[in-house]
Structure formats: C-alpha cells, structure tokens
Amino acid sequence: MTRTRESIQVHILVVGRLQTNCYIVQAKQEALIVDAGDEPERILRYLKDLNVTPKLIIATHTHFDHVLGVNGVRKSTGRKFAIHKDDLSMLESMQSRVREFMGFEVPPPPKPDMYLKEGDTISFGGETLSVLHTPGHSPGSISLSGKG
C-alpha cells in the first residue's frame, strides 16, 4: 500500500509473525526505513523495486516486532539505526522479555548507532521530518511529523 502527500510517499509493508507495519518513507530517490520489524530481504527487495536509496533506519519504539529486521537491512545497506534513548533498556532486554512473555527465541537485538530526541530533524530527498517524543506505548516512543 502506498499513501502520497505532496512530495512524500509512504509505502507500507506488513512484515513478521505479528504482521507489523514497516514504512518506507520516500522523498524523491531517498527513503527512511521506519520499523523494520522483520523480513529484511523483503524490505530490501522493496527498496530495490522503488529504486530508492535508504538514508536511515528508525524504530518508533523498540518492541521486538519493530526491530527484528534492522540487523539484516543495516548489514546490506550500511545505514545507521536510530532510536530514542529512553527505549535503550527495553531494546537491550528484548531477548529475555520475548522469551518470558511470548515463549519463543529471537536473535540478538540491533545496537543503535544514534539517538533521536524531541525536536531533532531528519532531512532526506529534499524534505524534512521532525521527531516528536511520544511516550506511552514505550518510554522512548517517537513519531515523525512533516508539513502537509
């Protein structure tokens, strides 16, 4: 599914065992990968089909179903992975939490390359999105906001 607003297109892929939305936010030929929840090979194939260059991998929060695909995507693209620092402890304890509450094993969590905070801006493809710290679902939940 693709949603278009002015010069930004949002492509939605449903990935992983919990059917999580992964967003490819495209402006011209650059894109942000938001919530690479799983199936990194599918995400990479979709980027190739769109003929876009990823700029950054972002997690809106660090529950396992939003980050399992990060390591595979990062390995293939060389792009940095960004989260809000308030979600770091949840990310680091991901394996034990999934084992305890979900009853299955997951691979080690990705290590963040950078931290996003309220008021940061992310520029890509001639567009800019602002980071909003929106705790609630998790301590470090974020939202991205643009004009329009």
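Take any residue in the sequence shown, note its place counting from 1, add 1, and you have its number in our numbering.
Beta carbons are placed, not taken as given, at the ideal position from N, Cα and C, and that holds for glycine.
Remember, predicted model here, so these are calculated numbers, not experimental data.
Using the C-alpha atoms, what's the distance from residue j back to residue i?
| i | j | result |
| --- | --- | --- |
| lysine 56 | phenylalanine 102 | 34 angstroms |
| phenylalanine 105 | glycine 127 | 42 angstroms |
| proline 156 | glutamate 119 | Because the chain spans 2 through 149 in this model, residue 156 falls outside it and cannot be assessed. |
| glutamate 93 | asparagine 72 | 14 angstroms |
| asparagine 52 | glutamate 31 | 9 angstroms |
| glutamine 10 | tyrosine 24 | 10 angstroms |
| serine 131 | glycine 147 | 6 angstroms |
How would you write the range of the beta strand (DSSP E) that residue i sits in, first residue to last?
| i | result |
| --- | --- |
| valine 132 | 128 to 134 |
| phenylalanine 82 | 82 to 85 |
| serine 124 | 122 to 125 |
DSSP has residue i in a bridge; who is on the other side?
| i | result |
| --- | --- |
| histidine 138 | DSSP output for histidine 138 lists no bridge partner at all. |
| leucine 69 | DSSP lists no partner for leucine 69. |
As an exercise, report each continuous alpha helix (DSSP H) stretch of at least 4 residues that is fully enclosed by the segment 26 to 66, in chain order.
Taking only runs of at least 4 residues, the alpha helix (DSSP H) segments lying wholly in the segment 26 to 66 are 41 to 51.
Counting pairs of Cβ atoms below 8 angstroms between the segment 13 to 33 and the segment 57 to 76, do you hit three or more?
Touching, per the Cβ criterion.
Quick one: complete alpha helix (DSSP H) runs, 4+ long, within the segment 85 to 114?
Annotation: the segment 85 to 114 contains the following complete segments of the alpha helix (DSSP H) (minimum length 4 residues), in chain order: 89 to 93, 95 to 103.
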